[in-house]
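Visitor: Residue numbers (full-length UniProt numbering): 1 to 311. Don't be surprised by glycine CBs; every beta carbon is placed ideally from N, CA and C. Source: prediction; values computed, not measured. Let me give you the structure first, and then I'll get to my questions.
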């Protein structure tokens, strides 16, 4: 690899080519239509969640405050990748500069971390509401809620900026074609002609810090929640208590489940084509299903929707 870089040192890569779905030339228009509809559904669905959690007085609680912020992060999360992909499908210009690629990667990683931390915060909120109901208004006051949201948004920024800097400090002197739909770490490391072992080590360290630990907190919260619910004397009380956290539990399952499929499955078990599908599935499944889950399974959200939207 060192010799390879020395041969091509004069041809330093200044931009990448995102191949995306270029191997399906006859389906470019169809794919553009499908992903445009998906993106619009994400914007409209999560936008409605944000609006109703802001304007409806019955939803001025910590749970819906976190939900509104989570929906906003979902919009930002998909807006980092889908508009560029739609543009590539529309005009067939698949080039992206190093700066644009680095910016996309940095925002993508930061927003993934924010989602993980917000899901953990939302699980803690449900734990306090069900396991410590008398202390809930005191513990989950507005000031703490704002601090938790801000902390979730900014905690990963320094480390993700450093991670992005490490990736783009690698020498890119071979092919500039990335067989992916957006700039992500593994595809970028594949086209590097340098040693990526250090980058992979820090990548897995970040996964443990910002993925595994929040998941453990969520798991601990729900163990406590389920234990408390099972101790309730009436079946009605158990059903009502569980209904307040079932929507969040489904979103957690979708987010971490799809993320595990995308990033943790053996790389030898599938092709580059299925890789793109799995990664894309991971970036759109939670944002598109989040509004549906909360709208269909939450009576308060349904009532607020009916007030906001015409019959």
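Examine the Cβ distances between the stretch 89-99 and the stretch 141-149 and report whether three or more of them are shorter than 8 Å.
Guide: no
Visitor: Going by CA-CA distance only, name the one from 35, 17 and 292 that's closest to residue 330.
Guide: A query on residue 330 cannot be resolved here, the shown segment of the chain reaching from 1 to 311 and no further.
Visitor: Alpha carbon to alpha carbon, what distance is there between residue 58 and residue 165?
Guide: Residue mapping note: residue 165 aligns to position 165 of the chain shown, counting from 1. Residue mapping note: residue 58 aligns to position 58 of the chain shown, counting from 1. C-alpha separation (whole angstroms): 45 Å.
Visitor: For residue 21 and residue 160, I'd like the C-alpha separation in whole angstroms.
Guide: Indexing the chain shown from 1 puts residue 21 at position 21. Indexing the chain shown from 1 puts residue 160 at position 160. Their backbone Cα atoms lie some 27 Å apart in a straight line.
Visitor: How would you label residue 182, buried or exposed, when you count the other beta carbons within 10 angstroms and need 16 or more for buried?
Guide: Counted from its first residue, the chain shown places residue 182 at position 182. Classification for residue 182: buried.
Visitor: I need the DSSP call for residue 17, collapsed to helix, strand or coil.
Guide: Taking the chain shown and counting its residues from 1, the one referred to as residue 17 is at position 17. Strand at residue 17.
Visitor: Could you have a look at residue 97 and say whether DSSP puts it in helix, strand or coil?
Guide: Start at 1 with the first residue of the chain shown, and residue 97 comes out as number 97. In the structure shown, residue 97 sits in a strand (DSSP, three-state: E or B).
Visitor: So the candidates are 221, 228, 44 and 129; which of them puts its Cα closest to the Cα of residue 292?
Guide: Here residue 292 corresponds to residue number 292 of the chain shown, with the count starting at 1. Nearest C-alpha to residue 292 among 221, 228, 44 and 129: 44.
Visitor: Suppose you measure from the CA of residue 225 to the CA of residue 75; what does that come to, to the nearest Å?
Guide: Translated into positions along the chain shown, residue 225 becomes position 225. Translated into positions along the chain shown, residue 75 becomes position 75. Roughly 29 Å separates the two Cα atoms.
Visitor: Comparing alpha-carbon positions, which option in 178, 221 and 93 lies nearest residue 128?
Guide: Translated into the one-based positions of the chain shown, residue 128 becomes position 128. Nearest option by C-alpha distance: 221.
Visitor: What does the Cβ neighbour count give for residue 198, buried or exposed, with the cut at 16 atoms within 10 Å?
Guide: By one-based count along the chain shown, residue 198 stands at place 198. The residue in question, residue 198, is exposed, as its Cβ has fewer than 16 Cβ neighbours within 10 Å.
Visitor: Among 56, 156 and 48, which one has its Cα closest to the Cα of residue 210?
Guide: Against the chain shown, residue 210 aligns to sequence position 210. Ranking the options by Cα distance to residue 210, first place goes to 156.
Visitor: Answer with buried or exposed for residue 187, where buried requires no fewer than 16 other C-beta atoms within 10 angstroms of its C-beta.
Guide: Reading the chain shown from its first residue, position 187 is the one you call residue 187. The residue in question, residue 187, is buried, as its Cβ has 16 or more Cβ neighbours within 10 Å.
Visitor: Should residue 68 be labelled buried (16 or more other beta-carbon atoms within 10 Å of its own) or exposed?
Guide: Your numbering for residue 68 matches position 68 in the chain shown. Flag for residue 68 reads buried.
Visitor: Measure the beta-carbon distance from residue 246 to residue 282 and round it to whole angstroms, keeping in mind my assumption that it falls under 8 Å.
Guide: Translated into positions along the chain shown, residue 246 becomes position 246. Translated into positions along the chain shown, residue 282 becomes position 282. Incorrect: roughly 22 Å between the Cβ atoms, too far for contact.
Visitor: Quick one: Cα of residue 227 to Cα of residue 130, how far?
Guide: Within the chain shown, numbered from 1, the residue matching residue 227 stands at position 227. Within the chain shown, numbered from 1, the residue matching residue 130 stands at position 130. Computed Cα separation, rounded: 10 Å.
Visitor: Cα-Cα, which of 278, 162, 120 and 137 is closest to residue 151?
Guide: On the chain shown, residue 151 is found 151 positions in, with the first residue counted as 1. The option with the nearest alpha carbon to residue 151 is 120.
Visitor: What is the DSSP secondary structure of residue 231, reduced to helix, strand or coil?
Guide: Here residue 231 is taken as the residue at index 231 of the chain shown, counted from 1. Reduced to three states, the DSSP call for residue 231 is coil.
Visitor: Assuming residue 284 and residue 78 are in contact, meaning their beta carbons sit under 8 Å apart, how far apart are those beta carbons, in whole angstroms?
Guide: For the purposes of this step, residue 284 is taken as the residue at position 284 of the chain shown. For the purposes of this step, residue 78 is taken as the residue at position 78 of the chain shown. Residue 284 to residue 78, Cβ: 6 Å. Contact.
Visitor: Below 7 Å CB to CB, which residues in the same chain sit around residue 256 once its five sequence neighbours on both sides are set aside?
Guide: Taking the chain shown and counting its residues from 1, one reaches residue 256 at position 256. Non-local C-beta neighbours of residue 256 in its own chain, meaning closer than 7 Å and more than five positions away in sequence, comprise 215, ordered along the chain.
Visitor: Would you grab the beta carbon distance between residue 185 and residue 98 for me? Rounded to a whole angstrom, and I think it's under 8 Å.
Guide: The sequence position of residue 185 within the chain shown is 185, counting from 1. The sequence position of residue 98 within the chain shown is 98, counting from 1. Incorrect: roughly 15 Å between the Cβ atoms, too far for contact.
Visitor: Does the beta-carbon of residue 26 have 16 or more other beta-carbons within 10 angstroms, so that it is buried, or is it exposed?
Guide: For the purposes of this step, residue 26 is taken as residue 26 along the chain shown, with counting starting at 1. Exposed: under 16 other Cβ atoms inside 10 Å.
Visitor: How would you call residue 206, buried or exposed, if buried means at least 16 neighbouring beta carbons within 10 angstroms?
Guide: As a first step, residue 206 must be located in the chain shown, where it is residue number 206. Buried, since its Cβ has 16 or more Cβ neighbours within 10 Å.
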